[in-house]
Amino acid sequence: MSELSATIIGAGIVGVSTAAFLQREGYDVTIIDRVLPGEGCSFGNAGGLAFSEIVPTVHSRMLLKIPGWLVDPMGPLTIRWSYFPKALPWFLALARNSLPDRVRAITAARADLAMRVVSDFESLLKAAGTEDLIRYEDTLRLYDNEAQYLAEAPERAAKTPYGFEMKRLSGDEARELEPAIGPNVHCGVFHGGWYFLTNPGRAVKSIAAEVVKNGGRIIEDDVVSLVRDAGRVKALQLKTQGQHKVHRLVICAGAYSHLLAKQLGEKVLLEAERGYHMVLPNSGVKLSRSLTYARSPGAATPMEMGLRLAGSDEFAGLDAAPNYARADALWKNFKAVLPGLRQPDQETTRWMGRRPGTPDSLPVIGPSKTTANVWYGFGHGHMGLTWGPTTGRLIAETMSGRKSNIDLAPFRADRF
Ligand SMILES: Cc1cc2nc3c(=O)[nH]c(=O)nc-3n(C[C@H](O)[C@H](O)[C@H](O)COP(=O)(O)OP(=O)(O)OC[C@H]3O[C@@H](n4cnc5c(N)ncnc54)[C@H](O)[C@@H]3O)c2cc1C
66 MSELSATIIG AGIVGVSTAA FLQREGYDVT IIDRVLPGEG CSFGNAGGLA FSEIVPTVHS
126 RMLLKIPGWL VDPMGPLTIR WSYFPKALPW FLALARNSLP DRVRAITAAR ADLAMRVVSD
186 FESLLKAAGT EDLIRYEDTL RLYDNEAQYL AEAPERAAKT PYGFEMKRLS GDEARELEPA
246 IGPNVHCGVF HGGWYFLTNP GRAVKSIAAE VVKNGGRIIE DDVVSLVRDA GRVKALQLKT
306 QGQHKVHRLV ICAGAYSHLL AKQLGEKVLL EAERGYHMVL PNSGVKLSRS LTYARSPGAA
366 TPMEMGLRLA GSDEFAGLDA APNYARADAL WKNFKAVLPG LRQPDQETTR WMGRRPGTPD
426 SLPVIGPSKT TANVWYGFGH GHMGLTWGPT TGRLIAETMS GRKSNIDLAP FRADRF
């Protein structure tokens, strides 16, 4: 086996991006996944290249909203209470990370990570011939009233020092731009840097196809265990194809990554933040950009397949059955600002995916602390599509011994 050979577990946006950037460093790459590329969480997200989203997913002001959301069974956040004891250490860490000092540090780290998101994505999609999947229209956030708009002033203030400009529009200006927006919308604000992809699953598949075209291999199998020897992983035990020898290994297994890290003696706090989508091919609504709505987290994105409504955050573990009523709740939410939105019909599809969520809204990127030939790229939570290509580049650079453009300390695996 060549010195420059790497195996990547996971063919989501993070895994395929890592494989593509490793190839550029001269590595011979193999990707292993139990499903086809782009069929995990990367398949069904809202498509947002949300590089201005530098404030952590949860901060102290949001903590105050959580009790209200939890009492509403169809609210944007839900916990299956039977699962709560298992997730308790994660929630305690979440609370610690919601303190102002931590929020400032996390915001700075997320801003660092955001710096080359667009160029890293463009570079991969251009090589794959699918750069037309990126739409350079900034997402518009909608508000019901002035109080709702003012309540988000601290988040906007946290972003401005990093150069993200959030332009306000009156309700009429928003409707002029997007005639589908209803008369009750009071005002809108551009997110300040949030483009979108018109088909995230196809983007992942196109990068994977390019990896194969350049000599990479994709093996469809389940990695059951990591076979260790003298402080290294020497092979992967696959469910159906025996052992696969590895020289260097990158774990990009999304919401399942902590199970593999645990085998290497590394404790990572990771929860499946289960999100839902509904795609309406016959939505009756024409949009030229993606919308978010301050009343409830989630996005409405015009895609190749139709209008995709995506969002929701459900803590129920990896294996609980989906509750598609949560996808229907997204429809109800957006109907309030898009009055022309048609009822779901027989062509409407619903989906659930597992965001790999850490309690500090930062991914794990970099080498394992226990095992010499292992690197990590997972835990991207609500931002994996956005940060996936950049993560791949950073892993490829560090594995090749090159200095990266940002400080990777906030993303260490041993921080939990
Ligand atoms: C509703 C929703 C909306 C979202 N909207 C956005 C958005 O607008 N912008 C954004 O940036 N992000 C968004 N996200 C988040 C984003 O989709 C995820 O962070 C991202 O897809 C994670 O990518 P990944 O490659 O880490 O994981 P995945 O895409 O899940 O890939 C991991 C792969 O690892 C494989 N795997 C795991 N364990 C094993 C094993 N033992 N053996 C073999 N294979 C294994 C899985 O099969 C899977 O294919 C959203 C998520 C959801 C659910």
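So the mapping is simple: this note's numbering equals the position in the sequence shown, first residue as 1, plus 65.
By construction, the Cβ of each residue, glycine as well, lies at the ideal position given by its N, Cα and C atoms.
- The alpha helix (DSSP H) enclosing Met231, as first and last residue numbers: Position 166 of the sequence shown, counted from the first residue, corresponds to residue 231. Careful: Met231 lies outside any alpha helix (DSSP H) and carries neither H nor E.
- Check whether the Cβ of Val288 sits closer than 7 Å to any heavy atom of ligand 1, and report yes or no. Locating residue 288 in the sequence shown gives position 223, where the first residue counts as 1. Val288 Cβ: within cutoff of ligand 1.
- If I'm right that Ala461 touches Glu90 with Cβ under 8 Å, what's the distance once you round it to whole angstroms? If you number the sequence shown from 1, residue 461 lands on position 396. If you number the sequence shown from 1, residue 90 lands on position 25. Ala461 to Glu90, Cβ: 5 Å. Contact.
- Message: Let me confirm a value: Ala359 is counted as buried when at least 16 other C-beta atoms fall within 10 Å, else exposed. Which label applies?
- Response: Indexing the sequence shown from 1 puts residue 359 at position 294. The residue is buried, with at least 16 neighbouring Cβ atoms inside 10 Å.
- Message: Considering just the uninterrupted stretch of the alpha helix (DSSP H) at Tyr214, what are its terminal residues?
- Response: In the sequence shown, residue 214 corresponds to position 149, counting from 1. Looking at the DSSP string, the run of the alpha helix (DSSP H) that includes Tyr214 is Glu211 to Ala216.
- Message: ligand 1 and Leu356: does the residue's C-beta get closer than 7 Å to at least one heavy atom of that ligand?
- Response: The residue you call residue 356 lines up with position 291 of the sequence shown. No, since every heavy atom of ligand 1 falls outside the 7 Å radius drawn around the Cβ of Leu356.
- Query: Would the C-beta of Asp98 count as close to ligand 1, meaning under 7 Å from any of its heavy atoms?
  - Reply: In the sequence shown, counting from the first residue as 1, residue 98 sits at position 33. Under cutoff, so the answer is yes.
- Message: With the cut-off set at 8 Å, would you say Trp259 and Thr195 are in Cβ contact?
- Response: Position 194 of the sequence shown, counting from 1, holds the residue named residue 259. Position 130 of the sequence shown, counting from 1, holds the residue named residue 195. Not closer than 8 Å, so no.
- Item | Met448 CB to nearest heavy atom of ligand 2 below 7 Å | Of the ligands this structure carries, namely ligand 1, none is ligand 2.
- Between the Cα of Arg313 and the Cα atoms of Gly228, Tyr92 and Val81, which residue gives the shortest distance? As a position in the sequence shown, residue 313 is number 248, starting the count at 1. It is Tyr92.
- Query: Around the Cβ of Ala179, are there at least 16 other Cβ atoms within 10 angstroms (buried) or fewer (exposed)?
  - Reply: Locating residue 179 in the sequence shown gives position 114, counting from the first residue. Ala179 is buried by the Cβ-count criterion.
- Pick out the complete beta strand (DSSP E) segments inside the region 331-413, 3 residues or longer, and give them in chain order. 336-345, 356-358, 361-368 and 371-380
- Specify the secondary structure class of Arg240 as computed by DSSP and reduced to three states. Counting from one through the sequence shown, the residue named residue 240 turns up at place 175. Correct three-state label for Arg240: helix.
- Query: Is Pro154 near ligand 1, with its Cβ less than 7 Å from a heavy atom?
  - Reply: For the purposes of this step, residue 154 is taken as the residue at position 89 of the sequence shown. No, Cβ of Pro154 sits at least 7 Å from all heavy atoms of ligand 1.
- Query: The beta strand (DSSP E) spanning Phe255 covers which residue range?
  - Reply: Your numbering for residue 255 matches position 190 in the sequence shown. Counting along the chain, the beta strand (DSSP E) containing Phe255 begins and ends at Cys252 to Phe255.
- From the DSSP output, in three-state form, read off Asp137 for me. The sequence position of residue 137 within the sequence shown is 72, counting from 1. Three-state result, Asp137: coil.
- Query: Taking the beta strand (DSSP E) that Asp528 falls in, what are its first and last residues?
  - Reply: Residue coverage of the chain in this structure runs from 66 to 481, which leaves residue 528 outside it and unanswerable.
- Message: Taking the beta carbon of Tyr201 as the centre, do at least 16 other beta carbons fall within 10 Å, making it buried, or is it exposed?
- Response: Here residue 201 refers to the residue found at position 136 of the sequence shown. Flag for Tyr201 reads exposed.
- Task: Could you tell me if Tyr389 is buried or exposed, where buried requires 16 or more neighbouring beta carbons within 10 angstroms of its beta carbon?
- Result: Here residue 389 corresponds to residue number 324 of the sequence shown, with the count starting at 1. Its Cβ having fewer than 16 others within 10 Å, Tyr389 is exposed.
- Query: Is Ile471 helix, strand or coil when you go by DSSP?
  - Reply: The residue given as residue 471 occupies position 406 in the sequence shown. Coil.
- Going by DSSP, name the residue or residues bridged to Pro219. For this step, residue 219 is matched to residue 154 along the sequence shown. Answer is none; Pro219 lacks a bridge partner.
- Quick one: residues in its chain with C-beta nearer than 8 Å to the C-beta of Leu329, no 5 flanking neighbours on either side, listed in chain order? The residue you call residue 329 lines up with position 264 of the sequence shown. These residues qualify, in order along the chain: Leu291, Arg293, Val298, Ser433, Thr435, Thr436 and Val439.
- Message: Can you find the residues in the same chain that come closer than 8 Å, C-beta to C-beta, to Asn264, ignoring five residues on each side of it along the sequence?
- Response: Indexing the sequence shown from 1 puts residue 264 at position 199. Counting only Cβ-Cβ distances below 8 Å, and skipping sequence neighbours, we find Gly112, Leu198, Met368, Glu369 and Met370.
- Completely contained beta strand (DSSP E) runs for the region 267-325, where each covers 3 or more residues: 282-285, 288-294, 297-303, 308-310 and 313-316
- Have a look at Arg354 and Thr305 and give me their C-alpha separation to the nearest angstrom. Residue mapping note: residue 354 aligns to position 289 of the sequence shown, counting from 1. Residue mapping note: residue 305 aligns to position 240 of the sequence shown, counting from 1. Taking the straight line joining both Cα atoms gives about 44 Å.
- Query: Roughly how many angstroms lie between the CA atoms of Gly453 and Ser361, to the nearest whole one?
  - Reply: Numbered from its first residue, the sequence shown carries residue 453 at position 388. Numbered from its first residue, the sequence shown carries residue 361 at position 296. Whole-angstrom Cα-Cα distance: 25 Å.
- Query: Is it buried or exposed for Phe149, if we count other Cβ within 10 angstroms and need 16 for buried?
  - Reply: Against the sequence shown, residue 149 aligns to sequence position 84. So Phe149 ends up on the exposed side.
- Query: Cβ-heavy atom distance between Ser107 and ligand 1 below 7 Å?
  - Reply: Walking along the sequence shown from the start, residue 107 turns up at place 42. Yes, the beta carbon of Ser107 sits closer than 7 Å to at least one heavy atom of ligand 1.
- Do you know how far the Cα of Thr122 is from the Cα of Gly466? Locating residue 466 in the sequence shown gives position 401, counting from the first residue. Locating residue 122 in the sequence shown gives position 57, counting from the first residue. Their backbone Cα atoms lie some 32 Å apart in a straight line.
- Task: Within 10 angstroms of the Cβ of Asp137, are there 16 or more other Cβ atoms? Answer buried if so, exposed if not.
- Result: For the purposes of this step, residue 137 is identified with residue 72 of the sequence shown, where counting begins at 1. By the 10 Å Cβ count, Asp137 comes out exposed.
- Please state whether DSSP places Ser147 in a helix, a strand or coil. By one-based count along the sequence shown, residue 147 stands at place 82. Helix at Ser147.
- Starting from Trp452, trace the beta strand (DSSP E) both ways and give me its first and last residue. Working through the sequence shown from its first residue, we reach residue 452 at position 387. Note, Trp452: premise wrong, no beta strand (DSSP E); alpha helix (DSSP H) at Gly449 to Met464.
- Task: Mind checking which residues open and close the alpha helix (DSSP H) that includes Phe186?
- Result: Along the sequence shown, read from residue 1 onward, the residue named residue 186 stands at position 121. Counting along the chain, the alpha helix (DSSP H) containing Phe186 begins and ends at Val182 to Ala193.
- Query: Would a C-beta distance cut-off of 8 Å place Gly77 and Gly319 closer than the cut-off?
  - Reply: The sequence position of residue 77 within the sequence shown is 12, counting from 1. The sequence position of residue 319 within the sequence shown is 254, counting from 1. Yes, the Cβ-Cβ distance between Gly77 and Gly319 is below 8 Å.
- Query: Taking C-alpha atoms, which residue in Val183, Ser188, Ala176 and Leu324 lies nearest to Ala85?
  - Reply: As a working mapping, residue 85 is identified with position 20 in the sequence shown. It is Ser188 whose Cα lies nearest to the Cα of Ala85.
- Locate the alpha helix (DSSP H) running through Leu87, then write down its first and last residues. As a first step, residue 87 must be located in the sequence shown, where it is residue number 22. Its alpha helix (DSSP H) spans residues Ile78 to Arg89.
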